[in-house]
Structures are given as C-alpha cells and as structure tokens.
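UniProt numbering puts the sequence shown at residues 1 to 675.
Every residue gets a Cβ at the ideal spot worked out from N, C-alpha and C, and that includes glycine.
What follows is a short report on a single structure.
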Amino acid sequence: MWNPIKKMLKKISSASSSRHLQSSASSQDDMSVDSSHRDSASQGDTTPALPKSCVRVHIRVLEMIEQIVARNDYEQEALELLKKQNFSHVKIFEPIFLIKTGSKQDMNRAFAYSGWEDFADITELVSEGCERIVNTAVSANIIIYLTKEYHMGAAASAVIVFAYQAATNFLPIFGAILSDALWGRFLTISLTLFACTIGAVLLWLTTMVQTLVAEDCGNEDQNSQCCHSPTTLQLFVLLTSLVFLSIGASGVRPCSLPFGVDQFAHWSGTRKDHALKVLFSWYYVSMGGSAIISITLIVYLQDKLGWKIGFAISVAIMALATFLNIVTSPLYIKVKPQKSTWLSLVQVIFVAIRNRHIQFPEVGSGLQYHNPGGLEVVVPSRKMRFLNRACVLRVHADRSNTEVLNDNSWNVCTVDQVEDLKRTLSVIPMWSAMITSLLIQQASFRVLQADTMDRRVGTTKFRMPAGSIAIFEVITFTLWSGCFDRFMLLVLQKITGREQVLSHKQKMGIGVLFSIASALAASAVEAFRRKQAIRQCLENNTYGVVNMSALWLAPQCVFAGLTSAFGSIGQMEFYYAELPKTMSSLAMALLPLAIGVAKIAGTMIVKLIKVITARGGRIGWLPDNLNQGHYDYYYFLLALIGMAGFIYFVACCYWFEEPAPIQLVEPQEDEADGT
Numbered sequence: 001m002w003n004p005i006k007k008m009l010k011k012i013s014s015a016s017s018s019r020h021l022q023s024s025a026s027s028q029d030d031m032s033v034d035s036s037h038r039d040s041a042s043q044g045d046t047t048p049a050l051p052k053s054c055v056r057v058h059i060r061v062l063e064m065i066e067q068i069v070a071r072n073d074y075e076q077e078a079l080e081l082l083k084k085q086n087f088s089h090v091k092i093f094e095p096i097f098l099i100k101t102g103s104k105q106d107m108n109r110a111f112a113y114s115g116w117e118d119f120a121d122i123t124e125l126v127s128e129g130c131e132r133i134v135n136t137a138v139s140a141n142i143i144i145y146l147t148k149e150y151h152m153g154a155a156a157s158a159v160i161v162f163a164y165q166a167a168t169n170f171l172p173i174f175g176a177i178l179s180d181a182l183w184g185r186f187l188t189i190s191l192t193l194f195a196c197t198i199g200a201v202l203l204w205l206t207t208m209v210q211t212l213v214a215e216d217c218g219n220e221d222q223n224s225q226c227c228h229s230p231t232t233l234q235l236f237v238l239l240t241s242l243v244f245l246s247i248g249a250s251g252v253r254p255c256s257l258p259f260g261v262d263q264f265a266h267w268s269g270t271r272k273d274h275a276l277k278v279l280f281s282w283y284y285v286s287m288g289g290s291a292i293i294s295i296t297l298i299v300y301l302q303d304k305l306g307w308k309i310g311f312a313i314s315v316a317i318m319a320l321a322t323f324l325n326i327v328t329s330p331l332y333i334k335v336k337p338q339k340s341t342w343l344s345l346v347q348v349i350f351v352a353i354r355n356r357h358i359q360f361p362e363v364g365s366g367l368q369y370h371n372p373g374g375l376e377v378v379v380p381s382r383k384m385r386f387l388n389r390a391c392v393l394r395v396h397a398d399r400s401n402t403e404v405l406n407d408n409s410w411n412v413c414t415v416d417q418v419e420d421l422k423r424t425l426s427v428i429p430m431w432s433a434m435i436t437s438l439l440i441q442q443a444s445f446r447v448l449q450a451d452t453m454d455r456r457v458g459t460t461k462f463r464m465p466a467g468s469i470a471i472f473e474v475i476t477f478t479l480w481s482g483c484f485d486r487f488m489l490l491v492l493q494k495i496t497g498r499e500q501v502l503s504h505k506q507k508m509g510i511g512v513l514f515s516i517a518s519a520l521a522a523s524a525v526e527a528f529r530r531k532q533a534i535r536q537c538l539e540n541n542t543y544g545v546v547n548m549s550a551l552w553l554a555p556q557c558v559f560a561g562l563t564s565a566f567g568s569i570g571q572m573e574f575y576y577a578e579l580p581k582t583m584s585s586l587a588m589a590l591l592p593l594a595i596g597v598a599k600i601a602g603t604m605i606v607k608l609i610k611v612i613t614a615r616g617g618r619i620g621w622l623p624d625n626l627n628q629g630h631y632d633y634y635y636f637l638l639a640l641i642g643m644a645g646f647i648y649f650v651a652c653c654y655w656f657e658e659p660a661p662i663q664l665v666e667p668q669e670d671e672a673d674g675t
C-alpha cells in the first residue's frame, strides 16, 4: 500500500532537486535562463514548499514524541521517509503541510499531530510553577518580614500567615467552580495569573514607596516602645497584596492540570493512559521543583540582597508567566465550560426532596427509572438510596422511557445524574478525615525556631536562611514521589505480584501516620532547643541565637515531606478517580480546600491556646519570645489531635465504599412491547 506514496515522494524529491539545480545555474548566469520560462515553470509546480530547517525541527519534535507513545502506520512511514531523504516539499506529510497552507482550524489539527499538546502542557505547568514559586516564597518568609520590618509579634504574625495561607488554599474551590461552570479553564488561568502579578507588584511597593515602608527601629529591640506599629495604609496595602496573591492561586492551581489533560483528551487507549501518567508525574515534579526554587534561591536572595530585590524578582517571575500564557494562547485546545455539570447536581437534590413521598419501584423494574434514550436500561445503586427518588418516573405505565426525555429536568433526573452526585458526596468524609494531618503539616513556627538557631551548614561560613528550612520537606517530597513510581513501586509489584501495591486510601493513611510522627519530632526538638536556650542564658533574649544547629529541625521536615508524598498525592489521585471527569477542576481544588480549612483551624487553635494559657498574667505557651514559652506543648497537642484524626480516618475508610457498577436491567417482554 505504500508504493504509491513512495513513488509520489520520489517524484516530489526529483522535482525538488531539478529546481535546486536550475536555481544554482541561474545564479551563475542570469542571462542563460529566460525569466518568463522560470515563471511558467514555477506556475506549473504548485507543490507547497517548506524550508529544510522547518522540516528538521518538526522531525526532531516527532522523534521525541515517538519515544513516548506509539504512532500509527501512516505517521511512522512518512516520518521514516522524511528522515531518509531531506525533502524540502512535504505535501504527503499532512501536519507540516497544514502549518504552511492551512486555515486556523487546520493548524490546530497540525499542532495536535506534531506534538504541540506537550508544549501546551509544559507552558501551563510553567505558569503554575511560577505562581507556586512566588506564593511559596512569600509563605515561607513573610513571617520574618512581618516581625522584623513591620515590628509585629510572633503570634500576630502567625495569625496573618495562617489567614494568608488559608485563603491561598481555600479560594481554589471557587476558581474550580467558575472554571467548570462559567469561564473555562484558560480564561480562569489568565485572569488569576494577572491578579497574582498585581499582588506581587503591591508587595514590592511596600519596600519601595516611602509612605508604604514601615518605620525602622534602628538599633532598638523590635519589641521596644520605640518601634511603631505599621500605619493603617501600610497594613492595608500589605494585606491587599496578600489577597491578590491568594486570588492568583485560586484559578491557576485547580485548572492547570485539567487544562493540560484537555490538550490530549481526543486521544484514546494506552496512548492516553500513558500520557496521563507522564503528565501527573511531571506535575508532582513541578510542585516540588517550584518549592525548591522558592525556599532556596528566592528566600536566599531576600535574606542576602534585601526585600526590595527579593520581591522584585517575584514581580519579574509573575510578569514572565503572564506574558508566556498570552503568547502561547493560540496553541491551546480550549474546552468550553459545561454549565449543566453543577446545575445537574442541584437538580438531583431538588427533585429528590420534591419526590420524597414517592415509593420506590419494585426490584428489576428498570424502566421505572429515567434513562436517556438509546442507552442501556439501568437502575441506580443502593448507596444513598434516598437520592434515587430523583430519577424515579412518576408515571411509567403509559409512557416510554424515550418520551420522558422531553420532561423538565427539574421534575425528573437521569440515573447518571444521581450517580454523579453520589460519587461527589461520598468523598466528603474522606476529605474531612485528612484535615488533621494537614493541620500538623502546615505549622509555621519552625521558621521562627530556625531563626533562633545556628544556621551554618557544616564548617562553611554559609548561613542558611530561616525560611529555607523547609527545603528538607520539599526535597523529601520530590525525591520520594519521583522514585516511588519509577523504582520502588516496580520492586513492590514484583514482590507482591499485584499491579496496584497501595490503594489511594492506604497512601492517605500512611500520610496521616507520618504527620503524627512529624508533630512528635517537632515537640521533642523544641523541648531540647528551649533547654539549651535557658542554659545559655538566652531566656529573655527574643532574637538570641542558640548554640544548636538548625539541622535538628530536619527530621520533622522529612516526616512532613513524606506526609505530602503519601497523603497529598494520595488525596489528589483519590479525588480525581472518584469524581466525575466533568468536575476535574473541583478534584484538584479539594486538596487546597482541605489545606485552607486546616489553616483556619490552625489560626483558631493558636488564638485559643494563647487566650487559655496566658490567663492571670501568665506568659502562656505561645509568647513572642520562643525561649519563654512552651511551643513543645503546642506540637504535642497537635500530635494528640492527629491521633484522634487517624481514628476518624479509619472509621471513614470503613464507611466508604467503592462505587458499585450500575446494574443493567433487561426490559421484560411485556414492557418492551408496551403491553
């Protein structure tokens, strides 16, 4: 079958060579060839041409993709012929031909063939990576900025940090809803990237504009009366910048990964499954990589070069991400939002309440449930049976199932709508069970602890910034999440003989246990640090450096990294697998939502502990001076909360059931005949 194609390619090749020789001859002797003859010759050959460099570029792109996914016979044959002979005319190779001569729709097809979905995935991961770099750097070091530049106490600064981090993780649920129902993923990403850029600019202005810069204390102690609190305007601009940064995370984080999936949603089979695994793996790597850059390079520059340059770098990063997103917009496949996705869930609840007095049909009476015409007759599962009333037909004897399709959807819902709502509601208990582990993981006092410890690395003079102490957590997360799927999982599969060694729920449970270990390690290290500070007569010195290496904080950070590697990844995979695919943005937003709730709970716990333990003029557990308080008690309390949360998690796992397949029902003969 390839002989005609080969002959055509050889004919094109020979024509290309002859024209090349004619062109060379004409350059040597312009008078030897009549110009009219050249014009007529060129008109006779209408085969579109492309530069050889363009052909070679696309060949290299296709060769890279060829190593990842299998190609069809047509593309394989055309690619082999192109690699063997340097054709400057590639009409037979449709993608490159369409890039040269096709319409915009044809160009999108050509990009889809030529591997530009991978480029679109990369640019969106870069956009989210830039947003994470900026927000993670702010989250890691903002408490130092508040205490040293805005002269705020440790507890008050922690409340602002908790609130900012809660908003950063709580708002993505609204971004997911707007994306899935109204704006679409690309528009949501674009708007929130711009908002994040505004937030970075405002934060940078708090170091540049004189009226927005907090007054310097000079040589006085930060807690002395000579240090003035920030003015209302200064505090307003600072908090506004944090709000815009949180808005930036609200759309980028829940939409980037689903938007990347949209780029190859038209694929099928093993090719699509492999692409999903690759995309998820790179997504985890981008999460870890952006965190490493933020808490090492960005935080280090803020610590060594000052806040002006540090925040200016954040502005440049966000400006680059926004510009890249706009420039690459024509390359993306933009899926329109489905307004009916969220509306259908509301309809199921409304109709189920409205039909609460309707009796359920007899077992096996499949035609008494609303099924779309042309599909198999099914009955809903018995899980959350009260919702099944939403798809029960009020009158089923005199009307066929196809006629019911014309009913108002506020009167009756389909079985698929009911099952989608059940799947959505079933993940809520599991989601709530992971909040305690996230509460422990998100504790921010370790930055203040590191600031009072010896941060020299080994025998060198290099001093690690306090905000970079989380590097141990990020490195652990990145290495473990990457090595587990590529190496350790293969070993465990050979040992156990099972394809899936750990289920999503088992990963989540392991993450909860590691969070408890992290809190216990933090409590032990802080108790030892406080004893050392008292022995060195630093009890009344808020910013005195204890002769104790900050690397003592590494174990709790490693446990926190393992918490993310198991718990957070397990949650994302669990939500993505359980929720309907039309709600993939919501699936990605549930983890940030849980982190946001954990931040709010952390804020309340800090305030409550401060009020209760500081009664009667006592210092309490959480004073501004870490050496006078009992932050070790605080961490131990978090460990107890984590233990209670693990018991609740086990109970939720026992209650949760995997979605049962919808039961198919064969219509009875009398029902099928309408008798």
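Outcome for residue i when other beta-carbon atoms lying within 10 angstroms are tallied against a minimum of 16
| i | result |
| --- | --- |
| VAL558 | buried |
| ALA598 | buried |
| TYR654 | exposed |
| TRP410 | exposed |
| GLU539 | exposed |
| GLY175 | buried |
| SER179 | buried |
| ILE612 | exposed |
| CYS537 | exposed |
| ALA519 | buried |
| ARG446 | buried |
| PRO330 | exposed |
| GLY458 | exposed |
Proximity to residue i [Cα-Cα], best of the options
| i | options | result |
| --- | --- | --- |
| TYR648 | ASN541, ILE428, THR188, TRP552 | ILE428 |
| SER250 | LEU146, ARG389, GLY596 | GLY596 |
| THR136 | TYR575, LYS422, GLN165, ASP420 | GLN165 |
| LEU239 | TRP204, VAL252, GLN210 | TRP204 |
| ALA156 | PHE236, ASP624, LEU638 | ASP624 |
| PRO230 | LYS334, GLN493, ASN355, ALA214 | ALA214 |
| HIS357 | VAL335, ARG389, ALA560 | ARG389 |
| VAL346 | GLN417, PHE194, ILE143, LYS383 | GLN417 |
| GLY289 | ARG535, GLU473, ASN541, ALA639 | GLU473 |
Whole-angstrom distance between residue j and residue i, CA atom to CA atom
| i | j | result |
| --- | --- | --- |
| LEU448 | ASP273 | 45 Å |
| SER88 | ALA167 | Low confidence applies to SER88: its pLDDT is 39, below 50, so where it sits in the model is not reliable, and the reading given next is rough at best. Cα to Cα, SER88 sits roughly 55 Å from ALA167. |
| SER515 | ALA565 | 11 Å |
| residue 726 | ILE313 | What the structure shows of the chain is the stretch from 1 to 675, and residue 726 is not part of that stretch, so it cannot be assessed. |
| ALA554 | ALA466 | 12 Å |
| GLY509 | VAL491 | 21 Å |
| ARG399 | CYS413 | With a pLDDT of 47 at ARG399, under the threshold of 50, the predicted position of this residue should be treated as unreliable, though the coordinate-derived value follows. Taking the straight line from one Cα to the other gives about 16 Å. |
| ASP451 | ILE189 | 36 Å |
| ASP221 | MET434 | Low confidence applies to ASP221: its pLDDT is 49, below 50, so where it sits in the model is not reliable, and the reading given next is rough at best. Distance between the alpha carbons of ASP221 and MET434: 41 Å. |
| GLN556 | MET287 | 20 Å |
| LYS507 | GLY570 | 5 Å |
| LEU387 | VAL243 | 39 Å |
| ALA527 | ILE605 | 20 Å |
| ASP424 | TYR369 | The question names Asp, yet the displayed sequence has Thr at residue 424. Approximately 21 Å, taken between the alpha carbons. |
| LYS505 | VAL525 | 31 Å |
| CYS391 | GLU578 | 21 Å |
| VAL201 | PHE311 | 8 Å |
| GLU77 | LEU193 | Residue placement at GLU77 is poorly supported in this model, since its pLDDT is 49, which falls under 50; the coordinates are not used for a value here. |
| LEU513 | SER503 | 16 Å |
| TYR543 | ALA533 | 11 Å |
| ASN169 | GLN359 | 43 Å |
| ASN627 | ASN541 | 8 Å |
| ARG463 | ARG529 | 19 Å |
| GLU669 | LEU591 | With a pLDDT of 43 at GLU669, under the threshold of 50, the modelled position of that residue is not reliable, and the figure given next carries that caveat. Cα-Cα distance, rounded: 49 Å. |
| ALA587 | PRO380 | 23 Å |
Residue(s) in a DSSP beta bridge with residue i
| i | result |
| --- | --- |
| ARG463 | ARG456 |
| residue 687 | This structure gives no information on residue 687, because the portion of the chain shown stretches from 1 to 675. |
| TYR369 | VAL392 |
Rounded Cβ spacing between residue i and residue j (contact assumed at less than 8 Å)
| i | j | result |
| --- | --- | --- |
| SER585 | CYS255 | 6 Å |
| SER437 | GLY511 | 6 Å |
| GLY617 | GLY629 | Incorrect: roughly 15 Å between the Cβ atoms, too far for contact. |
| ILE292 | ILE475 | 7 Å |
| ILE298 | ILE133 | 6 Å |
| TRP480 | LEU551 | Incorrect: roughly 19 Å between the Cβ atoms, too far for contact. |
Heavy atom of the ligand PLP within 7 Å of residue i beta-carbon
| i | result |
| --- | --- |
| ALA521 | The ligand PLP is not among the ligands present in this structure, which contains no ligands whatsoever. |
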